[in-house]
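Per numbering that gives the first Met the number 0, the very first residue in the sequence shown carries number 0; after that it's consecutive. Note that the Cβ used here is the ideal one computed from N, Cα and C, for glycine as well. Here is the structure we will look at.
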Amino acid sequence: MKLVTTPRVSFLRDLADEIAAHYGRGRMIVAIDGPLQSGKTQFADDLAAVLREREHAVFRASMERFHRSRAAQDAYGDDTPARYVGYGFDESALRRVLVEPFRMGGSTAFVTGVIDPARDAWVQPKWITGPSDAILILDGRFVLRKRLAGLWDFTIALDGEPADPADVLAYAERDPRLVASAVVDDSDPEHPRRRLRDVDDNAR
0 MKLVTTPRVS
10 FLRDLADEIA
20 AHYGRGRMIV
30 AIDGPLQSGK
40 TQFADDLAAV
50 LREREHAVFR
60 ASMERFHRSR
70 AAQDAYGDDT
80 PARYVGYGFD
90 ESALRRVLVE
100 PFRMGGSTAF
110 VTGVIDPARD
120 AWVQPKWITG
130 PSDAILILDG
140 RFVLRKRLAG
150 LWDFTIALDG
160 EPADPADVLA
170 YAERDPRLVA
180 SAVVDDSDPE
190 HPRRRLRDVD
200 DNAR
């Protein structure tokens with residue numbers, strides 16, 4: 000479906016073209032990181048819509064659907080920002096039911112979420128399949144952390160200084176803006192713009 004052209008859509012079309020240039024054929028995963036309440040989910044939804052406009056098969060997932068339950072997090076100690084950064088998300092489930100089967104190119108079904116974060120309750124897995132050529136867009140906090148770095152093909156960091164204590168800890172460990180394929184200033188959602196890293200940034 001053709002989208003109405005706005006400055007935001009035009010920006011996302013340019014970004015989609017850049018992603019497609021890296022994409023070629025097969026399965027590709029785009030990961031979007033950023034501070035708390037930076038608009039990651041909406042940005043991912045809008046990017047997915049533009050990629051679908053380009054007639055790509057696109058699937059969406061969010062780290063919110065891979066939270067550990069509060070009870071499961073309690074096994075890792077007191078409720079602190081450090082515990083949340085280290086153990087707030089079930090990265091094993093993310094790999095096992097989403098990333099690894101998605102990478103198998105259509106021969107295996109995958110799951111885009113294992114928990115309802117609003118109810119803090121596990122959900123019955125919904126296994127889905129797709130064509131061998133497809134793009135998965137995943138948004139969430141900490142997705143550009145070092146231990147997940149090898150999972151993604153193209154990465155986007157939404158610009159913004161971390162304020163939440165968990166974000167401050169995560170950014171001290173690895174600032175997603177210094178490692179992302181693209182850094183986007185989305186503070187004005189109607190007019191997003193690229194933020195170019197300087198040479199020093201690229202060297203880190």
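Under DSSP, the beta strand (DSSP E) around residue i begins and ends at which residues?
| i | result |
| --- | --- |
| residue 154 | 153 to 157 |
| residue 101 | Run containing residue 101: none in the beta strand (DSSP E); it sits in the alpha helix (DSSP H), 99 to 102. |
| residue 183 | 181 to 184 |
| residue 32 | 26 to 32 |
| residue 56 | Taken as a continuous stretch (DSSP letters only), residue 56 belongs to no beta strand (DSSP E), as it is neither H nor E. |
Terminal residues of the continuous alpha helix (DSSP H) containing residue i?
| i | result |
| --- | --- |
| residue 213 | Past the boundaries of the shown model lies residue 213; the chain is included only from 0 to 203, so the question cannot be answered. |
| residue 148 | Unbroken run through residue 148: none, as it is neither H nor E. |
| residue 44 | 39 to 52 |
| residue 135 | First-last for residue 135: 133 to 138, but that is the beta strand (DSSP E), not the alpha helix (DSSP H). |
| residue 70 | 69 to 73 |
| residue 113 | Note, residue 113: premise wrong, no alpha helix (DSSP H); not H, not E. |
| residue 172 | 164 to 172 |
| residue 84 | 80 to 86 |
Would you check if the distance between the CB atom of residue i and the CB atom of residue j is smaller than 8 Å?
| i | j | result |
| --- | --- | --- |
| residue 59 | residue 127 | no |
| residue 53 | residue 104 | no |
| residue 152 | residue 113 | no |
| residue 84 | residue 165 | yes |
| residue 183 | residue 134 | no |
| residue 193 | residue 181 | yes |
| residue 98 | residue 18 | no |
Which value, in whole angstroms, describes the spacing of the CA atoms of residue i and residue j?
| i | j | result |
| --- | --- | --- |
| residue 36 | residue 132 | 32 Å |
| residue 125 | residue 110 | 6 Å |
| residue 75 | residue 6 | 45 Å |
| residue 147 | residue 93 | 10 Å |
| residue 162 | residue 106 | 42 Å |
| residue 108 | residue 14 | 28 Å |
| residue 168 | residue 130 | 39 Å |
| residue 117 | residue 9 | 34 Å |
| residue 41 | residue 73 | 30 Å |
| residue 188 | residue 11 | 11 Å |
| residue 195 | residue 1 | 29 Å |
| residue 22 | residue 55 | 10 Å |
| residue 200 | residue 122 | Bear in mind that the predicted position of residue 200 carries a pLDDT of just 47, short of 50, making it unreliable; the figure below should be weighed with that in mind. If you take the alpha carbons of residue 200 and residue 122, they lie about 41 Å apart. |
| residue 190 | residue 144 | 27 Å |
| residue 81 | residue 3 | 43 Å |
Using 8 Å for Cβ pairs, my map puts residue i next to residue j. What's the rounded Cβ distance?
| i | j | result |
| --- | --- | --- |
| residue 120 | residue 155 | Actually they do not touch by this definition, with Cβ atoms about 30 Å apart. |
| residue 67 | residue 38 | Incorrect: roughly 24 Å between the Cβ atoms, too far for contact. |
| residue 186 | residue 159 | 7 Å |
(message) Could you check whether the stretch 29 to 44 touches the stretch 176 to 196, counting it as contact only if at least three pairs of C-beta atoms, one from each stretch, sit closer than 8 Å?
(response) yes
(request) Could you say if the stretch 46 to 65 and the stretch 161 to 175 meet the contact criterion of at least three C-beta pairs nearer than 8 Å? (result) no
(request) Would you check if the stretch 137 to 145 and the stretch 53 to 69 touch, i.e. whether three or more CB-CB distances between them fall below 8 Å? (result) yes
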